[in-house]
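Before any comments, here is the structure.
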Amino acid sequence: MAGQGWSLLALLVLALPAWAPDPYGEECRSKMYPPSGPTFKGNIPTYVINLDLPPSKRWDDLMRDKKTELKTVVQNIKDIANTFFPSGKVVDIVDNKIAHLTATLPYPFNEELQGIANSSGIPLG
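Residues -20 to -1, 1 to 105 in mature numbering (1 follows the signal peptide of the UniProt record, and there is no 0) are what the sequence shown lists, from first letter to last.
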């Protein structure tokens, strides 16, 4: 009889994880649109990229609003590269070669990148 009690207890202990909720499981959410609640930070702005403008001026409005964020992204990429290659040589190579690589892109892409660099204040090398 005691053996059956231990078997039942062992079975119960082994079955408990099956009844426990999955800590990594996804939660089904409904009525999530339009966004609201404590994490809602506001509407996402819309930008119109006017392709009738010269390529070097197309991104000026966006860069005027997002230059700080773009500088942060570029710095984060450099920091990550320097984490893996602490000598800084990789960042220096990219900085020195990017201007040449940009010049080899076809029109209008090369002028658009130069315009983004001018508007944001981030040099192309």
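The beta-carbon is built from N, C-alpha and C at its ideal position, and this holds for glycine as well.
At a cut-off of 4 residues, the continuous stretches assigned as alpha helix (DSSP H) that sit fully inside the stretch 24 to 64 are 40 to 64. With 16 or more other CB atoms across the displayed protein chains lying within 10 angstroms of its CB, Arg38 is buried. One Cα belongs to Thr52, the other to Ile102, and the distance between them is close to 11 Å. Within 10 angstroms of the beta-carbon of Leu85 lie fewer than 16 other beta-carbons, which makes it exposed.
In the displayed model, Ile102 falls within coil according to three-state DSSP, outside both helix and strand.
Pairing Glu92 with Ser36 gives a Cβ-Cβ distance under 9 Å. Residue environment analysis places Gly(-16) among the exposed positions, since fewer than 16 neighbouring C-beta atoms fall within 10 angstroms of its C-beta. Across the set Leu31, Asp59 and Thr26, the C-alpha of Thr26 shows the shortest separation from the C-alpha of Lys46. Shown here for Asp41: same chain residues with a beta carbon closer than 7 Å to its own, the five before and five after excluded, namely Tyr27 in chain order. Assigned with DSSP and collapsed to three states, Leu(-13) falls in helix.
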